[in-house]
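In the UniProt record's numbering, the protein residues as written are 1 to 746.
Glycine is no exception: its CB is placed at the ideal position from the N, C-alpha and C atoms.
First the structure, in the form of structure tokens, and then the observations on it.
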Amino acid sequence: MLPWLAHGHIYPYLELAKKLTTKRNFHIFICSTPVNLSSIKPKLSQKYSHCIEFVELHLPHDDLPELPPHYHTTNGLPPHLMSTLKRAFDMSSNNFSNILKTLSPDLLIYDFLQPWAPSLAPLQNFPSIEFITMGAAFTSFSIQHLKNPSFKFPFPSIYLQDYEAKKFNNVLESSANGIKDGDRVQQCSARSCNIILVKTSREIEEKYIDYLSDLMGKKIVPVGTLVQEPMDQKVDEETWIMKWMNKMERSSVVYVCFGSEYFLSKEQIEEIAHGLELRKVSFIWVIRFSKEEKNTRVEEVLPEGFLQRVGEKGVIMEGWAPQAKILQHSSVGVLESIKFGGPIIAMPMHLDQPINARLVEEVGVGVEVKRTGEGSLQREEVAKVIRDVVVEKIGEGVRKKALKIRDNMNKKEDEEIDGVVEELMQDTCRRVIVINIDSVHVFGSHKSFISGINSIQHLNNPSVKFPFPSIYLQDYEAEKFNNVLESSANGIKDGDRVQQCSARSCNIILVKTSREIEEKYIDYLSDLMGKKIVPVGTLVQEPMDRKVDEEAWIMKWLNKMERSSVVYVCFGSEYFLSKEQIEEIAHGLELRKVSFIWVIRFSKEEKNTRVEEVLPEGFLHRVGEKGVIMEGWAPQAKILQHSSVGVLESIKFGGPIIAMPMHLDQPINARLVEEVGVGVEVKRTGEGSLQREEVAKVIRDVVVEKIGEGVRKKALKIRDNMNKKEDEEIDGVVEELMQSDMCPLF
Numbered sequence: 001m002l003p004w005l006a007h008g009h010i011y012p013y014l015e016l017a018k019k020l021t022t023k024r025n026f027h028i029f030i031c032s033t034p035v036n037l038s039s040i041k042p043k044l045s046q047k048y049s050h051c052i053e054f055v056e057l058h059l060p061h062d063d064l065p066e067l068p069p070h071y072h073t074t075n076g077l078p079p080h081l082m083s084t085l086k087r088a089f090d091m092s093s094n095n096f097s098n099i100l101k102t103l104s105p106d107l108l109i110y111d112f113l114q115p116w117a118p119s120l121a122p123l124q125n126f127p128s129i130e131f132i133t134m135g136a137a138f139t140s141f142s143i144q145h146l147k148n149p150s151f152k153f154p155f156p157s158i159y160l161q162d163y164e165a166k167k168f169n170n171v172l173e174s175s176a177n178g179i180k181d182g183d184r185v186q187q188c189s190a191r192s193c194n195i196i197l198v199k200t201s202r203e204i205e206e207k208y209i210d211y212l213s214d215l216m217g218k219k220i221v222p223v224g225t226l227v228q229e230p231m232d233q234k235v236d237e238e239t240w241i242m243k244w245m246n247k248m249e250r251s252s253v254v255y256v257c258f259g260s261e262y263f264l265s266k267e268q269i270e271e272i273a274h275g276l277e278l279r280k281v282s283f284i285w286v287i288r289f290s291k292e293e294k295n296t297r298v299e300e301v302l303p304e305g306f307l308q309r310v311g312e313k314g315v316i317m318e319g320w321a322p323q324a325k326i327l328q329h330s331s332v333g334v335l336e337s338i339k340f341g342g343p344i345i346a347m348p349m350h351l352d353q354p355i356n357a358r359l360v361e362e363v364g365v366g367v368e369v370k371r372t373g374e375g376s377l378q379r380e381e382v383a384k385v386i387r388d389v390v391v392e393k394i395g396e397g398v399r400k401k402a403l404k405i406r407d408n409m410n411k412k413e414d415e416e417i418d419g420v421v422e423e424l425m426q427d428t429c430r431r432v433i434v435i436n437i438d439s440v441h442v443f444g445s446h447k448s449f450i451s452g453i454n455s456i457q458h459l460n461n462p463s464v465k466f467p468f469p470s471i472y473l474q475d476y477e478a479e480k481f482n483n484v485l486e487s488s489a490n491g492i493k494d495g496d497r498v499q500q501c502s503a504r505s506c507n508i509i510l511v512k513t514s515r516e517i518e519e520k521y522i523d524y525l526s527d528l529m530g531k532k533i534v535p536v537g538t539l540v541q542e543p544m545d546r547k548v549d550e551e552a553w554i555m556k557w558l559n560k561m562e563r564s565s566v567v568y569v570c571f572g573s574e575y576f577l578s579k580e581q582i583e584e585i586a587h588g589l590e591l592r593k594v595s596f597i598w599v600i601r602f603s604k605e606e607k608n609t610r611v612e613e614v615l616p617e618g619f620l621h622r623v624g625e626k627g628v629i630m631e632g633w634a635p636q637a638k639i640l641q642h643s644s645v646g647v648l649e650s651i652k653f654g655g656p657i658i659a660m661p662m663h664l665d666q667p668i669n670a671r672l673v674e675e676v677g678v679g680v681e682v683k684r685t686g687e688g689s690l691q692r693e694e695v696a697k698v699i700r701d702v703v704v705e706k707i708g709e710g711v712r713k714k715a716l717k718i719r720d721n722m723n724k725k726e727d728e729e730i731d732g733v734v735e736e737l738m739q740s741d742m743c744p745l746f
């Protein structure tokens with residue numbers, strides 16, 4: 001498998017590799033840059049050591065002195081070097097070809113930005129299949145936009161605000177090597193053999209899976225949620241946070257996290273903080289800083305006095321949190337992970353998050369925090385949505401739906417993996433190579449399938465409207481989206497890379513999604529691609545058994561919280577919030593007075609930034625123990641599994657989502673989350689700014705109000721359905737990979 005160089009891509013590939021090896025006697029090679037492999041090796045438990053191996057891929061650096069080996073990853077990569085990284089990745093094709101010759105694989109599974117990869121497979125007489133780690137809704141939205149941007153997406157619940165659409169278009173238009181990202185997306189899908197794997201579940205994306213299949217002209221195979229397996233790590237901090245959660249009432253804790261590669265601005269942190277404080281909910285908030293901001297203290301970005309005011313009601317975890325454990329805890333009631341059956345408060349920040357936020361609302365497992373027309377978070381809106389989901393009656397419906405989805409997904413989990421296995425097992429595969437070149441974060445980490453579809457459609461025909469009206473981009477989001485597709489390296493636009501990679505995949509393309517949430521987008525993507533789309537599930541990273549003090553501490557804090565009372569705030573590992581975004585989120589959290597865990601990350605350039613510097617003055621003091629700010633890392637899986645966590649990023653854990661899309665596929669995913677009904681998006685201003693009032697409002701809706709009940713119920717339902725189908729999805733992937741005649745050999 002050859003994923004792209006972002007942690008949001010490499011981990012789903014790793015989880016898919018684990019699922020495949022448990023179903024068949026596969027021997028899988030995961031190939032990536034040394035800097036990426038060094039970070040994922042600890043995530044692989046001993047039981048997989050005999051069947052999964054790591055192979056180093058060296059990118060050229062003598063010709064690119066501005067890109068030293070420690071930058072051969074998107075994690076901590078300065079934004080201005082993104083096109084250089086893509087160019088270096090393109091230039092590594094000869095090294096990769098030599099690896100293929102040495103390993104002599106039976107199959108190559110590759111990602112969406114390297115169209116040169118599937119071109120190498122037929123030269124050595126083996127097929128290649130694309131595996132898309134974004135959901136079916138986002139993928140179909142993207143594919144339709146690429147193919148015919150004037151064509152309206154057929155699902156009205158999936159859409160982008162103007163400010164989101166602007167970002168979306170910027171992504172598709174971004175280029176490297178003269179190839180737009182939008183072109184790369186389409187080429188990658190076109191080159192996949194008859195199927196395409198997608199990280200999704202039919203339980204939440206069935207119509208998008210089907211629509212994607214129509215768009216692609218290929219079978220879309222959902223692989224399930226691929227939630228990372230919890231590692232048996234006895235980390236002190238993990239123990240602490242579990243103990244904290246055990247003190248909380250069921251569904252009383254909001255888990256705030258925006259992914260490992262998204263870094264909130266100080267303004268966003270402040271609005272979220274104020275929104276949590278306004279709602280007075282218990283929360284775990286994972287705050288990450290970029291490498292440039294690594295010396296930033298959490299107190300520096302939070303509102304003044306926030307930590308003191310929230311007191312023990314909130315936990316701020318910097319950088320990392322035991323997310324899987326948090327999400328599984330009963331006190332976590334409004335979650336961003338459908339997998340664990342929690343409702344979602346969606347505050348989409350970037351990439352596929354806006355689409356996913358809308359999907360979460362559509363599915364009924366979350367509520368999105370609405371933004372101003374400029375895309376700004378408002379603390380009052382954050383607080384309102386938190387209250388709606390955690391406290392009000394709306395939250396009951398969201399929670400019930402989240403649990404129902406969770407159960408359905410869990411039931412189908414084996415089916416989905418079995419389906420993948422069946423697709424992959426067509427005849428001649430002796431070994432499956434997972435050449436995992438972790439990808440640059442162009443479309444995010446779930447990167448909801450919807451987002452990917454929309455990207456593909458946009459590349460193929462940007463004038464054709466995406467047929468799912470619920471999936472859309474705001475103008476400011478579309479601008480970013482197009483910028484990404486137009487970005488280039490080595491004269492190749494990212495959009496061209498995407499298309500070339502899809503085009504060169506054999507008859508199938510693997511996608512990190514599940515039919516449980518993105519079925520129609522999977523099918524639509526298949527139509528767009530002209531290939532079978534194979535969903536591989538959510539591929540959530542397994543929890544490690546680490547004895548970390550902070551993880552233990554955060555668990556203790558969560559244990560003190562009521563069920564579904566803690567909001568978990570996290571925007572991904574490679575997105576860094578602006579000071580403005582941090583402030584609006586902080587104010588939104590403060591307005592709602594919810595308990596929260598907020599993971600704030602700073603870029604490498606901001607590595608010396610203190611959290612206190614970007615939060616509103618006095619924020620930490622005011623929220624006191626009601627909020628936890630975690631800088632850089634949080635034990636996300638453990639947090640998301642905790643029953644006190646109510647607002648989470650992962651459907652896998654059955655929690656409702658408060659979507660605040662920031663970049664890449666996040667706007668599309670925010671709409672998907674709303675469409676599926678497992679979350680609510682925080683609406684922005686027309687310029688894409690977060691507003692604290694909107695953050696607070698959505699937090700209230702999801703955590704407190706009646707709407708939150710429905711979102712939580714839907715999130716749990718989707719989680720269960722996805723979990724049930726998880727094995728089916730991986731079996732489906734294996735079956736597709738084992739087909740001997742998937743792709744004509746040239």
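Counting other Cβ atoms within 10 Å of its Cβ, Thr-139 reaches 16 or more and is therefore classed as buried. Just so you know, the alpha carbons of Val-35 and His-58 end up roughly 10 Å apart. If you look at Ala-383, you'll find it in the alpha helix (DSSP H) that goes 379-390.
In the structure shown, the three-state DSSP call for Cys-506 is coil. Closest in alpha carbon position to Thr-538, among Gln-474, Asn-295 and Pro-222, is Pro-222. Under the Cβ criterion (8 Å, minimum of three pairs), the stretch 626-639 counts as touching the stretch 281-293. Taking every protein chain shown into account, the CB of Asp-63 has fewer than 16 other CB atoms within 10 angstroms, so this residue is exposed. According to DSSP, Glu-687 shares a beta bridge with no other residue. Between Arg-379 and Leu-278, the gap from beta carbon to beta carbon is short of 9 Å. Annotated as distal: Glu-486 and Lys-713, with beta-carbon spacing of 9 Å or more.
Here Lys-101 is exposed, its C-beta having fewer than 16 other C-beta atoms within 10 Å.
In the DSSP assignment, Thr-225 forms no beta bridge with any residue. If you look at Tyr-255, you'll find it in the beta strand (DSSP E) that goes 253-258.
From the listed residues Pro-60, Arg-202, Pro-65 and Gly-135, the smallest Cα separation to Glu-516 is found for Arg-202. The C-beta of His-80 has fewer than 16 other C-beta atoms within 10 Å across all chains shown, which makes the residue exposed.
Per DSSP, Leu-577 is one residue of the beta strand (DSSP E) stretching across 575-578. Comparing C-alpha distances from Ser-595 to each of Gly-679, Val-301, Ala-273 and Gly-314 shows the shortest one belongs to Gly-314.
Separation of the CB atoms of Lys-412 and Glu-726 is rounded to 7 Å, and the pair is thereby assigned contact status at 8 Å. Rounded to the nearest angstrom, the Cβ distance from Thr-685 to Gly-375 is 6 Å, consistent with a contact under 8 Å.
Cβ-Cβ distances below 7 Å link Asp-210 to Glu-519, Lys-520, Ile-522, Asp-523 and Tyr-524 in the same chain, with the five nearest sequence neighbours on each side left out; the list follows chain order.
Tyr-568 sits in a strand when the DSSP states are folded into three classes.
A distance below 6 Å between beta-carbons, with the five flanking residues on each side excluded, links Glu-606 to the following residues of its chain, in chain order: Phe-289, Ser-290, Glu-292, Glu-293 and Thr-296. For the set Gly-688, Phe-306 and Pro-535, the Cα lying nearest the Cα of Ile-109 is the one of Pro-535. Setting aside the 5 residues that flank it on each side, Glu-687 is surrounded in the same chain by Tyr-163, Thr-372, Gly-373, Glu-374, Gly-375, Ser-376 and Tyr-476, each with a C-beta closer than 8 Å to its C-beta; the list follows chain order. The DSSP assignment places complete alpha helix (DSSP H) segments of no fewer than 4 residues inside the stretch 20-57 at 34-40, in order along the chain.
For secondary structure counted as the alpha helix (DSSP H) over 4 or more consecutive residues, the stretch 173-223 holds these complete runs in sequence order: 181-190 and 202-216.
If you draw a straight line from the Cα of His-61 to the Cα of Met-409, it comes to about 44 Å. Annotation: Val-599 is outside any alpha helix (DSSP H); the continuous beta strand (DSSP E) that includes it extends over 595-602.
The Cβ atoms of Asn-482 and Val-171 lie closer than 9 Å to each other. Here the alpha carbons of Leu-302 and Glu-617 stand approximately 6 Å from one another. Secondary structure of Ser-104 (DSSP, three-state): coil. The beta carbon of Asp-183 is closer than 7 Å to those of Leu-459, Lys-493, Gly-495, Asp-496, Arg-497, Val-498, Gln-499 and Gln-500 in its chain, skipping five residues each way along the sequence. By a beta-carbon distance limit of 8 Å, Ile-158 contacts Arg-671. Their separation comes to about 4 Å. Distance from Lys-531 to Gly-217 at the Cβ level is roughly 6 Å; contact confirmed, criterion being Cβ atoms closer than 8 Å.
The C-alpha of Asp-214 lies about 20 Å from the C-alpha of Asp-111. The Cβ atoms of Gly-275 and Glu-728 lie no closer than 9 Å to each other.
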